[in-house]
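Notes to accompany the following structure.
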Ligand SMILES: [Zn+2]
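Residue numbers (my numbering): 1 to 256.
In structure tokens form, the structure reads like this:
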């Protein structure tokens, strides 16, 4: 049987990789019982979930050892000192462009890794995008990443991924969004594939109403006016539950 190839480089065979990096398990499970869970939803509405305590044991065959010990490990080492204080608390910080970019890159890496738990036909990222990402962590087109200061019921790391289909009868666009709550940090990555030549109007996503202005901080595309972390309002559990499902499937639905 042929071995699976690395998602991020052309020739290497994959090794088994933890979905959540070990440093997050260690950070969260120190002194308190942490729960780790992940849920993938398909377009049909079918859902798969996994959970564990104190360490996210879930692994996926996604990257080769060279990627694992090379660029992926470098990215974790850069992200860890920035994300750790945001996961355990919410001290005031200026979000520089560099900081926003690094958090966005780390979040997109998580979305790419988590997506690999699905069969190839249901994946959105293309091999060329992942290989480009390996080279210099270029975030593919039509991505947005937001952060929030989460204070809800999940203690540990929570992840879910939802597919999207929207547009109008002539042009259906696809996408997915990944939502994470890691300690006190919530992250959402939205990734969309627009049908070429589709009208501008058809590209509007339908978003459930919520206090998104005051609770979310956009980090990708980056914001230039040195935003201050954390946002004014906390993302409570009830808000988080709307946040996690905030984009609708909508074919010729109302704009915005
Ligand atoms: Zn590789």
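Ideal Cβ placement from N, Cα and C applies to all residues, glycine included.
Predicted model, so just to flag it, every value in this text is computed and none were measured.
query                                                                                                              : result
Buried/exposed call for residue 1, threshold 16 Cβ in 10 Å                                                         : Here residue 1 scores only 40 on pLDDT, less than 50, and its place in the model is too uncertain to base an answer on.
Residue 310 in three-state terms, based on DSSP                                                                    : Only positions 1 to 256 of the chain appear in this structure, which leaves residue 310 out of reach.
Proximity test, residue 4 beta-carbon vs ligand 1 heavy atom, cut-off 7 Å                                          : no
Cα-Cα separation between residue 93 and residue 170, rounded to whole angstroms                                    : 45 Å
Euclidean distance between Cα positions of residue 18 and residue 55                                               : 10 Å
Near ligand 1: residue 66 beta-carbon under 7 Å from a heavy atom                                                  : yes
Classification of residue 69 by the beta-carbon crowding that lies within 10 angstroms, buried from 16 upward      : exposed
Cβ neighbour criterion (16 or more within 10 Å) applied to residue 43                                              : exposed
Alpha-carbon to alpha-carbon, residue 180 and residue 41                                                           : 14 Å
Limits of the beta strand (DSSP E) - the one that residue 36 falls within                                          : 35 to 41
Test: residue 32 CB closer than 8 Å to a CB of chain D                                                             : In summary, chain D is missing from the structure at hand, where a single protein chain is found.
Where the beta strand (DSSP E) containing residue 80 begins and where it ends                                      : First-last for residue 80: 71 to 88, but that is the alpha helix (DSSP H), not the beta strand (DSSP E).
Whole runs of the alpha helix (DSSP H) within the stretch 155 to 234, excluding any shorter than 4 residues        : 212 to 215
For residue 63, the three-state DSSP class (helix, strand or coil)                                                 : strand
Complete runs of the beta strand (DSSP E) confined to the stretch 94 to 136 [at least 3 residues]                  : none
Outcome for residue 228 when other beta-carbon atoms lying within 10 angstroms are tallied against a minimum of 16 : exposed
First and last residue of the uninterrupted alpha helix (DSSP H) at residue 46                                     : Premise fails: residue 46 is in no alpha helix (DSSP H) and is neither H nor E.
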